[in-house]
Amino acid sequence: MGLGLGHFVGRVDGMPYLQFITLGLIDGTAMNAATNERTVNAYIQMYLDKTYYEMSTSPVSLPDIIASEAIWAGMRSVFFGTLFMGIAMLLGVFSSPAALLNPLVLLILGTLFGFLGLTFTLLAPTRDYLNYYTMLLVEPMFMFSNTFFPIGHVAPWLQRVAWFSSLTHAVALIRGFAVGN
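Quick look at the structure:
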């Protein structure tokens, strides 16, 4: 997308479109990894495999189980985001050694979305309700979080909504670390 469309778009926020979109997609990959891990996988572990019931019979407390599951989602985000960062390095997207801090941003972002996904999964009466979380919260957040286009060109009310999203801040951090701002 950045190679083909980037030829026509040119520069966005002072960087080539390939760099702009690649850095945004790193966060999107991390968010989706954590979301999928703590929605569908957690639902299966909870209701089909009864994994959480088995964990609750051990001396581990419920807050420990929830925190560890969210941190695991953060670790998966780091794994998939770092794989995407490897591809981005091959494309020459990073121009600053501060980009080495990006996995920390991915860990925080993934843990946050792990908590959000797990909370919604605990409240969902059936597996079909997980689609509401993904389609009504995660996908619009992905679309309007400065990932594909700068949010400075949209309506002011939508800009305020976008800056309320944690993904928008993570995209700003990843881009800032990548170019050294």
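Residue 1172, in the numbering used here, is where the sequence shown stops; the numbers in between run on with no holes.
Backbone N, C-alpha and C define an ideal beta-carbon position, used for all residues, glycine too.
Just mark residue 1093 as buried or exposed, buried being the case when its beta carbon has 16 or more other beta carbons within 10 Å.
-> Looking at its Cβ environment, which holds 16 or more other Cβ atoms inside 10 Å, residue 1093 is buried.
Quick one: is residue 1113 buried, meaning 16 or more other Cβ sit within 10 Å of its Cβ, or exposed?
-> Exposed, since its Cβ has fewer than 16 Cβ neighbours within 10 Å.
Counting Cβ pairs, one atom from each stretch, are 3 or more of them under 8 Å apart for the segment 1069-1088 and the segment 1016-1028?
-> Touching, per the Cβ criterion.
Counting only the same chain and skipping the five closest in sequence on each side, list residues whose C-beta sits under 7 Å from that of residue 1075.
-> Setting aside the 5 residues that flank it on each side, residue 1075 is surrounded in the same chain by 1016, 1017, 1020, each with a C-beta closer than 7 Å to its C-beta; the list follows chain order.
Residue range of the alpha helix (DSSP H) that residue 1004 falls in?
-> In the DSSP assignment, residue 1004 falls outside any alpha helix (DSSP H), carrying neither H nor E.
Give the range of the alpha helix (DSSP H) segment to which residue 1130 is assigned.
-> Unbroken alpha helix (DSSP H) run through residue 1130: 1130-1134.
Name the residue from 1137, 1024, 1168 whose alpha carbon lies nearest to the alpha carbon of residue 1095.
-> That would be 1168, whose Cα lies nearest to the Cα of residue 1095.
Residue 1032: which of 1164, 1144, 1121, 1157 sits nearest, CA to CA?
-> For residue 1032, the closest alpha carbon among the candidates 1164, 1144, 1121, 1157 is that of 1121.
Supposed close pair residue 1137, residue 1153 - CB separation, criterion 8 Å = Separation of the CB atoms of residue 1137 and residue 1153 is rounded to 7 Å, and the pair is thereby assigned contact status at 8 Å.
How should residue 1001 be labelled, buried or exposed, when 16 other C-beta atoms within 10 angstroms of its C-beta is the threshold for buried?
-> Exposed: under 16 other Cβ atoms inside 10 Å.
Neighbourhood of residue 1066 by C-beta distance below 8 Å, restricted to the same chain and skipping five residues each side = Correct list, in chain order: 1098, 1101.
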